Structures are given as structure tokens and as C-alpha cells.
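> Residue numbers (my numbering), protein chains in the order written: chain U, 33 to 480; chain P, 33 to 480. A virtual CB, placed ideally from N, CA and C, is assigned to each residue, including glycine. All values derive from a computational prediction rather than experimental measurement.
#1: In whole angstroms, give me the CA-to-CA distance for residue 235 (chain U) and residue 209 (chain U).
#2: Is the CB-CB distance between residue 72 (chain P) and residue 44 (chain U) below 8 Å?
#3: Do residue 68 (chain U) and residue 94 (chain P) have their CB atoms nearer than 8 Å?
#4: Relative to the C-alpha of residue 85 (chain P), which candidate in P:141, P:354, P:471 and P:213 has its C-alpha closest?
#5: Sorted by chain position, which residues of the same chain lie with C-beta nearer than 6 Å to residue 148 (chain U)'s C-beta, five sequence neighbours on each side aside?
#6: Classify residue 389 (chain P) as helix, strand or coil using the three-state DSSP reduction.
#7: Would residue 230 (chain P) pass as a contact of residue 246 (chain P) if the rule is Cβ separation under 8 Å?
#8: Please list the residues of the region 431-449 of chain P that have a C-beta atom closer than 9 Å to any C-beta atom in chain U, keeping them in chain order.
#9: Just grab the DSSP bridge partners of residue 39 (chain U) for me.
#10: Chain P beta carbons: is any one of them nearer than 8 Å to that of residue 33 (chain U)?
#11: Mind checking the region 325-336 of chain U against chain P and listing, in chain order, the residues whose C-beta falls within less than 9 Å of any C-beta there?
#12: Considering only the beta carbon of each residue, do residue 469 (chain P) and residue 455 (chain P) sit closer than 8 Å?
#13: Taking only beta-carbon atoms, is residue 79 (chain P) less than 8 Å away from chain U?
#14: Find the residues of chain P that neighbour residue 65 (chain U), judging by a C-beta separation of less than 8 Å, and give them in chain order.
#15: For residue 263 (chain U), write down the residues that DSSP places opposite it in a beta bridge.
#16: Mapping the DSSP letters down to three states, classify residue 155 (chain U) as helix, strand or coil.
#17: So with CB distances below 8 Å, who are the chain P contacts of residue 371 (chain U)?
#18: Return the chain-ordered ranges of every beta strand (DSSP E) run that is complete within the region 164-211 of chain U and spans a minimum of 3 residues.
#19: Where does residue 150 (chain P) sit, in a helix, a strand or coil, going by DSSP?
#20: So what does DSSP say about residue 45 (chain P), is it helix, strand or coil?
#21: Is residue 14 (chain U) helix, strand or coil when you go by DSSP?
#22: Taking the alpha helix (DSSP H) that residue 136 (chain U) belongs to, which residues open and close that run?
#23: Using beta-carbon positions only, say whether residue 155 (chain P) and residue 134 (chain U) come within less than 8 Å of one another.
#24: Where in the region 406-434 of chain U do unbroken runs of the beta strand (DSSP E), each at least 3 residues long, occur, reported from the N-terminal end onward?
#25: Starting from the Cα of residue 485 (chain P), find the closest Cα among P:232, P:438, P:314 and P:329 and give me that residue.
#26: Does residue 468 (chain U) come out as helix, strand or coil in the three-state DSSP assignment?
#27: So, is residue 193 (chain P) buried or exposed, given that buried needs 16 or more other C-beta atoms within 10 angstroms?
#28: Out of P:190, P:384 and P:394, which one is the CA nearest neighbour of residue 421 (chain P)?
#29: I believe residue 98 (chain U) touches residue 129 (chain U) by the beta-carbon criterion, under 8 Å. Please report the beta-carbon distance rounded to the nearest angstrom.
#30: Given this structure, state the Cα-to-Cα distance separating residue 17 (chain P) from residue 219 (chain U), to the nearest angstrom.
#31: Use the C-beta contact count for residue 430 (chain U): other C-beta atoms within 10 angstroms, 16 or more gives buried, fewer gives exposed.
#32: Given residue 298 (chain U), which residues of its chain have a CB within under 8 Å of its CB, disregarding the five upstream and five downstream residues?
#33: I'd like to know whether the C-beta atoms of residue 187 (chain P) and residue 63 (chain P) end up nearer to each other than 8 Å.
#34: If you follow the alpha helix (DSSP H) that residue 375 (chain P) is part of, which residue opens it and which one closes it?
#35: Per DSSP, which one or two residues make a beta bridge with residue 71 (chain U)?
Structure (C-alpha cells):
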């Protein structure tokens, strides 16, 4: 049976999962489009050189490389031994949607009207060790605007995050930070050149607490003096206003810190100009998220009782520089559809009856009856009612089992009597009630 | 600039292409679901052994293999030299949706309620030499029912093909044949054991004509006597009824031929029981389509003035046998979304204004005005009107150019006067007319 299994870390999605997954994708896509973000798609494979070196050493190792058509392993090994470039894997599967997007923007820069608001919903592949909740193939749902410095974009992204999760009925907390605040903090403790180490440690505060962070900072050789100055960071509770006041006192006199505080204030102020009420937006100064990448706002969405974030992103001032297009700032967030799915399953948030996609099933009582049903079926379908005729005249029990498993809302039975009367016996699968209807009445009951 | 290009044979799809592609996918998906076919998705990668040997030698060469995580080329070459199995490419990208579907059915046979009606819309990958209209990554849209022998399934598939192309406004011809008719023909000319050679040659009749087919048959060593008997095949014109009569006379006394004629008759008869009128359904006894695979009905959809077929399929009696599940018959067709796109572009069949997905763009006149717009924008979005505020207070000309290129239907301008009057200056981008409206009036004009 090994022939009928799939690669580890990958999944099949059957009908019951697909209908729920599509519910999530549809909600996300709907909101993206309503906010003026246009869809693009890029190929599954990129040139290997496009991807390598963009995700760090660990990332490079996790990129799936594709064997070139007709590649000869022997020849390539000879080449490698001779110090030549091997050609066996010139292409690779995309690791995320951000780098392909940057490549797309640079490649199409003359045809794009900036600011370019795009969304992209596609799978990505990583050769990660499979474990619970971590897959080798999973979907990302990215929304970015590139070519505008305005903080209105940050505001809009917060609205989008809020609206998507509102639509999906997931109660969330949107965490907000700014890379410049992190820069201000490292400056004030006299460790500006250790920014990455410090923020990587800080980012774990949620999981390891104050002691854990201090331990890591110690191990990384940050001076005890500097660590002591970090004290106030660990006690950053209260409202956003009080956090901003504390930040002002702490890092308001550093240039980066001042700018970061201003930006957060501006975003919160703009959000307060209209009825924004679904989610809590909360400043979290330990939030870092792949810091060497972001340059301004940083976002992360968490959900109560779920360990990992379900959405995140931020502003990056030089995403396309590596492909030769300098000074184009962008900001975006990525929704993790697989984790959102897990949260919704766990918290039972999918609409009831979401699996019931078939309106009507006609029982098949034999060739003559089935032939009679074809015209009726065509009428239902002309009225956009999803319907089918069981194709074989199998035993009633088997056909009803099929109707049940498929989640049919109504089952229609047509035998000699019904054909003579020009009526349909209709069973409502929810109530179990049976009634005799004309085809017009059945159509009406389905559409109404 | 080599870093910002994509692998040959692959494509990016920008917003203008995406909206048209989605129009096609949505139409196809809508019809599939209305007929009771449920969606599934399988992973992009399958185990290499699942795919190899299913598509012939040429197919095997076109399968993209994936380099294993941490695979060492050197080690693998040593293994190959020692006659051991190399592990460098245990996985590969799917080549079509049919084999993964068969694998899925076998793997999930205990959870599936047969007959299983599924649809699947996903990309596939082939290391073909790229050329016009042929890509290394392209979408297939498959619809199959497995686990039922009933010809009602064939009837339903004809309806689906007809309805999809009706919905897309493409005038097509649905060609119908049956593998058993082909078997009858080879039997009657005394060359039953040369069935594949004969039908491969016959299949080219459309392109190379009678002389071309005869030439190929000659080259393949089919006797002149047998070829002479094929004469009537090349003159198979007239109505479906007259074709069936001619077939009856020609092969009605072979077992296979008789069965094939019966099946075609039954399908046409059932189709005639309801108003089926969009497409012409036409018997074409030269239609073969990868014969060793199909066992009953064969379908192909062609479109006037377009060289290749845009949809095709047939019945296969033993698709899952290779994975250990015997005697499960299925029938299905596959829609070629990329070719359908080309036909629709070529014949100008996409709805006018399909690219206009943005209802309203607010011009940005500066910080104060933009702030004022945020609340109005939120009201539009609450009414599901797609809208955005230009994020920067750029020059008017630049903002209007952006609105034009994005295909905004309406542009809203709010300056000092409008803020004082509590009104919006709205420009209709189609007529060029400008008017002053309240926000309620604007909402009404967008929704209405």
C-alpha cells in the first residue's frame, strides 16, 4: 500500500475540509478586494538564485530544489568536483510569497501603477521536519502595498486584519510594535550594535518570561548593566496611552525611539476616527518578528487559547533592493490559513451546515423513473439549485446512506404513483418530514 | 536583471489576467458544484513512484523531480554506481490530476461514499519544451465520478460541458465516440491486435486527412487489405442518426461494436429528453484520445477557429487498479483553463468592464482631508463597496492616472468646501460627469 500514500508533511483535502478551507479563503479574499487589493499569482517554481540567500542559512536549507529536465547527476558531480557550477537544480519551489512578490514588482516595474496594492493566496513549500501544525506545503494569504510611505497603509492593514477575523468570528488581539522603538531601546541601554540579539531574546518574552529573556541576553554577552536598564520593558502593562507615556519617558530622547512613538500614535489616532471596535489593538514592545527584515510598524495577531500567531507582518523599506529596485517602501501582512482553520475547528466557529452543499438528491428507482427525473433535474439546475440523480438503481438503503453522507438537504422520490400524478415525494432531511410537491413548489422551497 | 526573471515555461499573472482567469474558474466551479461534484485538493508533490510509469516513457521524462532535503549528490552517484537505489528524488510534482485522484481514492476508500463525484482545480507541472500555448505550469479543472457504471454519468458530463461553455459564451462542438466502436472497427478489418496503432493514426484524421492517415497506417505495417476496408470511416458525414446507421451496417455484428453503438444511442437518447440545445453533440468515430486509458465513452470539445481541444475525457474501467483497488469504473472530463482563456481573449468573450473591480477611489488632498475621508470610506466598506483612499497626497494628475489604471468606477474628491458642506464631489469615470452627493447617495448609487 506504500504506493497509495503521500509525501510526509503534505495533506489531501477532502470535500468536508475543502468547504471549510474555501470559507476561510473566500472571507479573506473578499476583504482584500473590498479594500482595493488586486490579485496576482506567481509560478510555483522560481529560479533557485532568486530564492537563495533571502531566508538565512536555515531557510536556504529548507528550500525544495527541482531536478532539471534531463539533468545528469554524474555530470553534475564531475562539475562540482572541478569547481564548476552544477546545473542540476536551477529551479526551486517558492518558500514564501514575499520574495516572489518582490521579484514580480521588479520585473514588472514599468507596467505597475504605484502604489501597488496586491494580494496573493497560494501554497508555499518548506522542507521542514513535519510536526503537529507544521506542514511542508501550506497556504499563505498575503496582502501588501508597495510604493507608499504613508501610515494610512498601516491603518488600512489593521482594519483588514480586524475585518477578516470579525467576519470569521474569531476574537483576536492585534499586537502592534515598531522597529524604531526596538532601536530606541537598544540605543538607550548602550547596545545599538547588538540590536538583533536583543530583539530575538525579547521576542521570546511571551514564552519564557523575564528570567528566560535575561538568561539569553547574559548568554549572548550583553552586559549586566545594559540588562538592568531593560527592567522597565518587562513591566509594560496598562492601556496603550500609559504604555506610550512610559515609552516617551524611556526612549523619547532617542531619534529612532521618538519616531517610533510618533508612528504608533498616528496609527492609533487614525484608527480612532471611525468606529473601530472588533478587535483589541495593543502595543507590545517585545514583538520583533524577523527583525532584520522590517523597518517600521510590526503587526501580529494572536487568538486566545491558541499558542501561535495567526497573522503577522510589518513595514519593510527595502524589499526589492536585492533585485535592483532601490528605495521602494512597502508594508503588508500574511494570514496563516492553516492555523486559522485549526482555531476555527477547535473553537467550533464554522457555520452550522456548512458541509451541506447539495440541495436535492433524486433517488433512482430504475431506468424509466430515472429517465423521467432528468427533465426535472434540468429544471432545478436551471434555477441554480445544486442537485443530482443517484446514477444507479441501487437499494434504497444505500441511496439514503449516500444522501446522508453527502449532506443532501432534500431527497426526492419518484415512482409509478408520482409519475402518474405529476408530483414529487420530497423528504426534508433535517426534519424528516415527507410531502408531495409539484416541481414548481420544490424549486420555490429551495430558492426561498 | 537575470535575478528578476522566472523559469522558462512559467508565467506570472497580474491583476488584469487574474480577474479573467478567476471568471473562468468561477464559472467552471459553479457548474461542477451545481451538479453535485465536491471539491478535493491533493498536494503538489507526490511520491515519485506514484507517478512513474503512468504516463508512458515520454511522460516519465517530463515529470519534475524534487531534490530530497539534505540529499547529497555525491553520495547518490556513488549509490547509483554501486547499483543501489538513489534517494535524491523521492518526490515529484504532479503531472496531471487523474493519477493523484486515483491515489486519493485508493488511500481513502474506506471513508468515501461511492459513487464519488469530485472536482479538482489545481496546477500541474510538465517539463515540456516551452512553446506558444504550452507551459510548464498550467491549471487543469477535472470533474470525475468514480464507482458507477451508469451511462447517466456520461449524460451528466455532456450537460456539464455544455453548460460551462454556454456560461462562458463559447460556441463549441462536443465530439463523442466510444472505445468499443474503435474496437469494432479494428476487429472488422482483421487487425484487432493493432488497435493502438490504428487509433493513434485515425486520431490525426482532423489534421492530416485521409491520405495522411493511410500513409501512417502503411508505415506501421497495416495490410493494404485492412486499410481498404477502412474506406467508409473516412466518409462519415451526416447527422448522428445516419452515422449510427452506417456504423450499424459496418460493425453492428461485432460484440464490441454493437455495445459501443448501444452506449452512444443511449446517451443521445437521454440527452434528448430535456431541452438540450446549447452545443452541437456530434459523433466522431476518429476521436481516440490516449486510447489505452479509456474503455468506453470518449469526449472532446472543440471550438470553431481554434486548433486544439479545450476539454476532453472519457470512461476508464480500471484507473485505480494500479494502486490495488480493482473493478472501480469511472468517467470524467478535464477543462483546459489556459486554452479557454486564449479562446476567450481571441474572440473577445470576456464581459466588458470585467477589469473594473474598484468601485470608488478617494483622492488624497492632504492629511486633514484624508483623515476626514477615513470615516466615509469605512461607511462604504460596511456596505460591501470596494473602495480605497489614495495613501499619499500626490499630485492630482498622478492620482487620476492611478484611478484610471486601476479602473475605478467613481472618484471622490473632498476638499475644504466639501468638508464644510458635508458633501462629496463624485466623478463618474465612465461618463466623466461630476456631481455633489451625500455619502448616502453615493452608497445608493454604488449598490443600486
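Once the coordinates are examined:
#1: Counting from 1 along the first chain, the entry for residue 235 (chain U) is found at position 203. Counting from 1 along the first chain, the entry for residue 209 (chain U) is found at position 177. The alpha-carbon atoms of residue 235 (chain U) and residue 209 (chain U) are separated by roughly 11 Å.
#2: The residue you call residue 72 (chain P) lines up with position 40 of the second chain. The residue you call residue 44 (chain U) lines up with position 12 of the first chain. Result yes, Cβ atoms of residue 72 (chain P) and residue 44 (chain U) sit closer than 8 Å.
#3: Position 36 of the first chain, counting from 1, holds the residue named residue 68 (chain U). Position 62 of the second chain, counting from 1, holds the residue named residue 94 (chain P). Not in contact: residue 68 (chain U) and residue 94 (chain P) (Cβ atoms no closer than 8 Å).
#4: Position 53 of the second chain, counting from 1, holds the residue named residue 85 (chain P). With distances taken between Cα atoms, residue 85 (chain P) lies closest to P:354.
#5: Reading the first chain from its first residue, position 116 is the one you call residue 148 (chain U). These residues qualify, in order along the chain: 178 and 179.
#6: The residue labelled residue 389 (chain P) in the question sits at position 357 within the second chain. It is coil, neither helix nor strand.
#7: Stepping through the second chain from its first residue, residue 230 (chain P) is reached at position 198. Stepping through the second chain from its first residue, residue 246 (chain P) is reached at position 214. No.
#8: 433, 434, 436, 437, 438 and 440
#9: Taking the first chain and counting its residues from 1, the one referred to as residue 39 (chain U) is at position 7. DSSP output for residue 39 (chain U) lists no bridge partner at all.
#10: Within the first chain, the letter at position 1 stands for residue 33 (chain U). No answer about residue 33 (chain U) holds up, because its pLDDT of 40 lies below 50 and its placement is not dependable.
#11: Those residues of the region 325-336 of chain U that come within reach of chain P (Cβ to Cβ, closer than 9 Å) do not exist; the list is empty.
#12: The residue you call residue 469 (chain P) lines up with position 437 of the second chain. The residue you call residue 455 (chain P) lines up with position 423 of the second chain. In contact: residue 469 (chain P) and residue 455 (chain P) (Cβ atoms closer than 8 Å).
#13: Indexing the second chain from 1 puts residue 79 (chain P) at position 47. Cβ-Cβ to chain U under 8 Å: yes for residue 79 (chain P).
#14: Against the first chain, residue 65 (chain U) aligns to sequence position 33. Here the neighbours are 389 and 418.
#15: Mapped onto the first chain, residue 263 (chain U) falls at position 231. Looking at the DSSP assignment, residue 263 (chain U) forms no beta bridge with any residue, so it has no partner.
#16: To locate residue 155 (chain U), count along the first chain from 1; it is residue 123. Three-state DSSP puts residue 155 (chain U) in a strand.
#17: The sequence position of residue 371 (chain U) within the first chain is 339, counting from 1. Correct list: empty, because the minimum Cβ distance to chain P is about 18 Å.
#18: 169-178 and 204-210
#19: Counting from 1 along the second chain, the entry for residue 150 (chain P) is found at position 118. In the structure shown, residue 150 (chain P) sits in a strand (DSSP, three-state: E or B).
#20: Within the second chain, residue 45 (chain P) is the residue found at index 13, counting from 1. Note: residue 45 (chain P) maps to strand in three-state DSSP.
#21: One cannot answer for residue 14 (chain U) here, as it falls past the ends of chain U, which runs 33 to 480.
#22: Counting from one through the first chain, the residue named residue 136 (chain U) turns up at place 104. It spans 130-139 - the alpha helix (DSSP H) in which residue 136 (chain U) sits, taken as one unbroken run.
#23: As a first step, residue 155 (chain P) is located in the second chain; it is residue number 123 there, counting from the start. As a first step, residue 134 (chain U) is located in the first chain; it is residue number 102 there, counting from the start. No. Outside cutoff.
#24: 419-421
#25: With chain P represented from 33 up to 480, any question about residue 485 (chain P) goes unanswered, as that position is not in the structure.
#26: Translated into the one-based positions of the first chain, residue 468 (chain U) becomes position 436. It is a strand residue.
#27: As a working note, residue 193 (chain P) is residue 161 in the second chain. So residue 193 (chain P) counts as buried.
#28: Against the second chain, residue 421 (chain P) aligns to sequence position 389. Comparing Cα positions, the closest option is P:394.
#29: In the first chain, counting from the first residue as 1, residue 98 (chain U) sits at position 66. In the first chain, counting from the first residue as 1, residue 129 (chain U) sits at position 97. Their Cβ separation, rounded to whole angstroms, is 18 Å, which puts residue 98 (chain U) and residue 129 (chain U) out of contact at 8 Å.
#30: This structure does not reach residue 17 (chain P), given that chain P is present from 33 up to 480, and the question cannot be answered.
#31: To locate residue 430 (chain U), count along the first chain from 1; it is residue 398. So residue 430 (chain U) counts as exposed.
#32: Start at 1 with the first residue of the first chain, and residue 298 (chain U) comes out as number 266. Correct list, in chain order: 183.
#33: Position 155 of the second chain, counting from 1, holds the residue named residue 187 (chain P). Position 31 of the second chain, counting from 1, holds the residue named residue 63 (chain P). No; because the gap between Cβ atoms is not below 8 Å, this pair is not in contact.
#34: The residue labelled residue 375 (chain P) in the question sits at position 343 within the second chain. That run of the alpha helix (DSSP H) goes 369-378.
#35: Translated into the one-based positions of the first chain, residue 71 (chain U) becomes position 39. For residue 71 (chain U), which the question treats as bridged, DSSP gives the partners U:151.
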